[in-house]
Structures are given as structure tokens and as C-alpha cells.
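A.B. asks:
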Amino acid sequence: MRLTRETLIKIARDSANQRARVSRRIISIYLTGSVLEEEPLLGGTTDIDLVIIHDSEPIQEREIVRLTDDIHLDISHYPQSLFHQPRRLRSDPWLGPFIYNKPLVFHDTQHWFDFTQAATGAQFFQPDYVIQRAGALAQTARQTWMELTLNPPESLSARVSAFLKAIENAGNALVSLSGTPLTERRFFLHIPHRLQSLHRPELTAGLVHLFLPEETGWEAAWPELLDAYKNAYHVCSGLPEAPARLHPSRLAYYTRAAAALWEENPAAAIWIIMRTWTLMAELLPPQDPAQAGWLSAVRALQLDDAAFARRLEEMDQYLDQAEEALDEWARKNGVSTLSEI
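FYI, the numbering for the sequence shown is 214 to 554, going by the working numbering.
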């Protein structure tokens with residue numbers, strides 16, 4: 214099948230219509246994510262992000278449905294009650310932006326989505342709401358750093374997972390000043406462009422260095438590490454407790470995207486692999502043979518036990534810079550700084 218943006222939207226619409234026909238409990242279904250972009254494919258693969266709003270608590274929060282080796286549905290299920298307070302949505306760093314950012318609506322009972330979007334969008338880009346969304350992510354990143362410093366988890370995989378999540382939150386705090394936050398596959402791909410408006414190039418360079426220090430040895434080890442990643446994925450995706458992110462249908466979604474990015478943007482490629490590989494490491498027993506490759510990757514990124522304390526110091530310095538940038542933006546726009554939120 215030749216995959217075009219139009220083809221993907223048709224698949225999304227057909228899938229939404231089918232869901233709406235079989236359940237009267239569905240209030241709204243809309244399309245968001247990369248399919249709405251001009252270039253939805255990355256490494257020849259993509260997911261189709263559908264959001265389904267129910268009139269009560271849904272049975273599951275997230276659902277993956279394989280369509281082909283190259284595409285799958287990634288369906289988020291939410292209760293209608295979550296959207297009852299538009300003011301809260303305006304300050305939510307994830308739900309609010311993706312409602313405001315013109316998703317494609319396929320099903321909308323009694324104009325529920327139109328009303329919710331209009332109520333959320335009112336004053337959405339007023340500076341006080343922007344800094345609240347950005348500040349929430351920055352404060353979460355700082356809280357994670359504090360926990361890793363004062364009361365770190367026993368397992369290395371949990372510490373690395375928290376460290377990577379803090380990087381994501383710090384980067385998205387800055388990105389939120391100009392639009393929607395970045396999702397996993399395109400995080401380091403798009404962040405240099407998205408941070409240009411701040412006119413502080415050190416924030417981009419510092420974020421990349423925080424994740425990918427110089428002389429990691431990844432260049433020589435890339436094929437071997439990618440094979441080890443695939444082996445671990447096959448093991449973990451079959452576990453009953455594996456989350457939707459590790460669904461068997463998503464292996465090509467990660468590996469082909471990483472392979473496509475590797476030559477020109479190794480940080481973006483390694484980020485895709487390490488975010489999910491670390492999740493696998495948390496699922497597997499410490500002595501499982503599939504852990505060996507992940508440990509090699511962690512050592513190459515200088516996130517092992519021997520280097521972790523120093524890396525936390527680097528994160529502290531970067532978070533200081535990010536918080537200063539947010540405070541500077543707030544002062545220029547006449548709203549409360551982070552310490553005042």
C-alpha cells in the first residue's frame with residue numbers, strides 16, 4: 214500500500230466511523246498527532262493517533278491496533294468528565310494544546326468537541342496560561358531531579374528512566390512557550406527548530422549534551438546495540454505486564470524511525486531507542502540476558518552507576534538555565550515567574 218497523508222486520514226476516518234457505529238457511549242472521536250503533519254511518515258512508518266471520548270470511564274486507557282507492518286492505530290480513551298473544566302484544560306500541558314491545535318474531528322455527539330474546543334481555546338495563548346503549562350513541565354522536571362538526588366530508586370533502570378523523563382519535561386517546558394509539546398519519536402528531531410524563538414542556542418546544545426555526551430562510542434556499536442534492542446523488544450512485548458508502548462506492532466515504528474535518523478541526527482535516533490529500551494529494562498529481571506545490551510548502551514551514555522552523580526549535576530545546571538529562560542519569558546510578557554506560580 215502506498216502510504217500518503219490522504220490515505221492515512223481515510224483509514225483514520227473509517228476506523229472512527231466503525232467505532233462510533235458499535236458504541237453509543239462514544240461522545241467524540243478525533244485525530245491528532247503526526248498524521249496531521251505534512252510528513253507523517255518517519256522511516257516509512259507511522260501511527261494513527263485517535264482520541265475517543267466516552268460518556269463514562271473507559272475500559273482501557275490506551276489501545277494499539279495493528280493495521281500493517283508500517284502503520285497501526287494508537288487509540289487514547291478518556292472519560293467525558295475529564296474535560297468538564299475548560300480553565301483547567303488551558304493550563305494542562307498535554308490535553309489542552311492537542312485540543313486547541315485543530316485536530317480532525319470524525320464523530321461529535323451534540324457538538325461536544327466544538328463546545329470543548331471553543332471553551333478551551335478562549336484565552337489559550339494568553340501569557341499567564343502559557344507559563345502555567347510550561348511551568349508545570351519545568352517543575353515536574355525539577356521534582357524528578359530532587360528525587361533522584363535525595364531519594365533515588367534502587368534499580369539503575371528506574372533511575373535512568375526518571376533521568377530521561379526529566380530531559381523530556383525540561384525540553385517540552387521550553388517548547389510549550391511556542392506551541393504544543395513534542396512527542397517521543399520527534400523530540401530531538403524538532404527541538405532545535407522549536408527553541409530558536411528563545412534566541413538561546415545554548416539551551417538546545419545543553420539539552421543534547423545532557424542526553425548524549427561527546428565520545429559515547431555509539432557510532433561503532435550502533436548495529437550491535439540495535440540488534441540487542443530488537444532482541445529485548447521481542448522478549449518484553451510478549452510479557453503480560455508490557456504496556457501499550459511495547460506492543461509487538463510498534464517494533465518497526467521505533468527501529469525504522471531510528472535507522473532513518475541515525476546518519477544526520479544520532480541524538481534523535483538514540484533517544485527513540487533508549488526511551489523504550491529503558492522501559493524494557495524496568496520490566497526484565499536484573500540478571501536476564503536481554504539486559505546486557507541495555508547496560509552497554511547506558512555505559513556509553515555515561516548514565517551508569519559510576520557516572521550518574523556527575524550527570525545529575527549537569528542536569529541541575531541545565532534546569533537552572535531552563536528556569537531562567539522561563540522566568541525571562543514571563544517577565545517580558547508581564548506575568549508571574551515560576552517561583553510565583
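Yeah, the Cβ is synthetic: ideal placement off N, Cα and C, and Gly gets one too.
For Gln-504, which residues from the same chain have a beta carbon less than 7 Å from its beta carbon, with the 5 sequence-adjacent residues on both sides left out?
C.D. replies: In the sequence shown, counting from the first residue as 1, residue 504 sits at position 291. Hits under 7 Å: Ala-494 and Leu-497.
A.B. asks: Are Leu-525 and Thr-362 touching if we call contact CB-CB under 8 Å?
C.D. replies: Position 312 of the sequence shown, counting from 1, holds the residue named residue 525. Position 149 of the sequence shown, counting from 1, holds the residue named residue 362. Their beta carbons are under 8 Å apart, which means Leu-525 touches Thr-362 by this criterion.
A.B. asks: Keeping to the same chain, check which residues put their C-beta closer than 7 Å to that of Asn-546; ignore five residues upstream and five downstream.
C.D. replies: In the sequence shown, residue 546 corresponds to position 333, counting from 1. These residues qualify, in order along the chain: Pro-340.
A.B. asks: With burial defined as no fewer than 16 other Cβ atoms inside 10 Å of the residue's Cβ, what is the status of Arg-238: buried or exposed?
C.D. replies: On the sequence shown, residue 238 is found 25 positions in, with the first residue counted as 1. Under this definition Arg-238 is an exposed residue.
A.B. asks: If I measure Cβ to Cβ from Ala-348 and keep anything under 8 Å in the same chain, skipping five residues before and after, which residues do I get?
C.D. replies: Within the sequence shown, the letter at position 135 stands for residue 348. Checking the sequence, you will find Gly at residue 348 rather than Ala. Around Gly-348: Ala-386, Leu-539, Leu-551 and Ile-554.
A.B. asks: If we call anything under 8 Å between Cβ atoms a contact, is Leu-244 one with Phe-319?
C.D. replies: What you label residue 244 is simply residue 31 of the sequence shown in a count that begins at 1. What you label residue 319 is simply residue 106 of the sequence shown in a count that begins at 1. A contact, by the Cβ cut-off of 8 Å.
A.B. asks: Run through DSSP, which three-state label would Ser-289 get?
C.D. replies: Position 76 of the sequence shown holds residue 289. Three-state result, Ser-289: strand.
A.B. asks: Between the C-alpha atoms of Ile-240 and Ala-379, what's the straight-line distance to the nearest angstrom?
C.D. replies: Counted from its first residue, the sequence shown places residue 240 at position 27. Counted from its first residue, the sequence shown places residue 379 at position 166. Between Ile-240 and Ala-379, the C-alpha separation is close to 34 Å.
A.B. asks: Would Ala-188 and Gly-430 qualify as a contact pair, given that the criterion is a beta-carbon distance under 8 Å?
C.D. replies: No statement about residue 188 is possible, as the shown extent of the chain runs from 214 to 554 and does not include it.
A.B. asks: My output table needs one value for Leu-390: the three-state DSSP class, helix, strand or coil.
C.D. replies: As a first step, residue 390 must be located in the sequence shown, where it is residue number 177. When DSSP states are grouped into helix, strand and coil, Leu-390 belongs to the coil group.
A.B. asks: Just to confirm, are Leu-402 and Arg-458 a CB contact at a threshold of 8 Å?
C.D. replies: Counting from one through the sequence shown, the residue named residue 402 turns up at place 189. Counting from one through the sequence shown, the residue named residue 458 turns up at place 245. For Leu-402 and Arg-458, no; Cβs fall outside 8 Å.
A.B. asks: Smallest Cα separation from Ile-534: which of Pro-405, Glu-276, Thr-468 and Ala-418?
C.D. replies: In the sequence shown, counting from the first residue as 1, residue 534 sits at position 321. At residue 534 the sequence reads Gln, which differs from the Ile that was named. A check of alpha carbon separations from Gln-534 across Pro-405, Glu-276, Thr-468 and Ala-418 identifies Ala-418 as the nearest.
A.B. asks: With 16 other CB atoms within 10 Å as the buried threshold, where does Pro-316 fall?
C.D. replies: In the sequence shown, residue 316 corresponds to position 103, counting from 1. Residue environment for Pro-316: buried (at least 16 other C-beta atoms within 10 angstroms of its C-beta).
A.B. asks: My output table needs one value for Val-548: the three-state DSSP class, helix, strand or coil.
C.D. replies: As a first step, residue 548 is located in the sequence shown; it is residue number 335 there, counting from the start. Val-548 sits in coil when the DSSP states are folded into three classes, being neither helix nor strand.
A.B. asks: Span of the beta strand (DSSP E) holding Val-264?
C.D. replies: Mapped onto the sequence shown, residue 264 falls at position 51. Boundaries of the beta strand (DSSP E) harbouring Val-264: 259-267, taken from the DSSP string.
A.B. asks: Counting beta carbon pairs with one atom in the segment 323-333 and one in the segment 364-374, are three or more of them shorter than 8 Å?
C.D. replies: No: fewer than three Cβ pairs fall under 8 Å.
A.B. asks: Helix, strand or coil: how does DSSP classify Ile-272 here?
C.D. replies: Along the sequence shown, read from residue 1 onward, the residue named residue 272 stands at position 59. Ile-272 falls in the coil class under three-state DSSP.
A.B. asks: Return yes when the Cβ of Cys-449 is within less than 8 Å of the Cβ of Ala-455, no when it is not.
C.D. replies: Sequence index remark: in the sequence shown, residue 455 carries index 242 (1-based). Sequence index remark: in the sequence shown, residue 449 carries index 236 (1-based). Yes. Within cutoff.
A.B. asks: If Phe-338 sits next to Gly-309, beta carbons under 8 Å apart, how far is it from one beta carbon to the other, in whole angstroms?
C.D. replies: Translated into the one-based positions of the sequence shown, residue 338 becomes position 125. Translated into the one-based positions of the sequence shown, residue 309 becomes position 96. At roughly 11 Å, the Cβ-Cβ gap does not stay under 8 Å, so Phe-338 and Gly-309 are not in contact.
A.B. asks: Look up Ser-450 in the DSSP assignment and say whether it is helix, strand or coil.
C.D. replies: On the sequence shown, residue 450 is found 237 positions in, with the first residue counted as 1. Looking at Ser-450 - three-state DSSP - the assignment turns out to be helix.
A.B. asks: At what residues does the beta strand (DSSP E) containing Ile-240 begin and finish?
C.D. replies: Walking along the sequence shown from the start, residue 240 turns up at place 27. Unbroken beta strand (DSSP E) run through Ile-240: 239-245.
A.B. asks: What are the boundary residues of the beta strand (DSSP E) that includes Asp-321?
C.D. replies: Here residue 321 refers to the residue found at position 108 of the sequence shown. Per DSSP, Asp-321 belongs to the beta strand (DSSP E) from 317-321.
A.B. asks: Measuring straight from C-alpha to C-alpha, what distance separates Ile-277 and Ala-354?
C.D. replies: Taking the first residue of the sequence shown as position 1, residue 277 is located at position 64. Taking the first residue of the sequence shown as position 1, residue 354 is located at position 141. Distance between the alpha carbons of Ile-277 and Ala-354 is about 28 Å.
A.B. asks: Can you list, in chain order, the residues of its chain whose CB lies under 8 Å from that of Gly-257, leaving out five sequence neighbours each side?
C.D. replies: Start at 1 with the first residue of the sequence shown, and residue 257 comes out as number 44. Counting only Cβ-Cβ distances below 8 Å, and skipping sequence neighbours, we find Leu-216, Asp-283, Arg-469 and Ala-473.
A.B. asks: Going by C-alpha distance, which of Ser-304, Ser-228, Ala-481 and His-412 is nearest Gly-334?
C.D. replies: Taking the sequence shown and counting its residues from 1, the one referred to as residue 334 is at position 121. That would be Ser-304, whose Cα lies nearest to the Cα of Gly-334.
A.B. asks: Per DSSP, which residues does Leu-255 bridge with? Please list them.
C.D. replies: The count along the sequence shown starts at 1 and reaches residue 255 at position 42. Paired residue(s): Thr-258.
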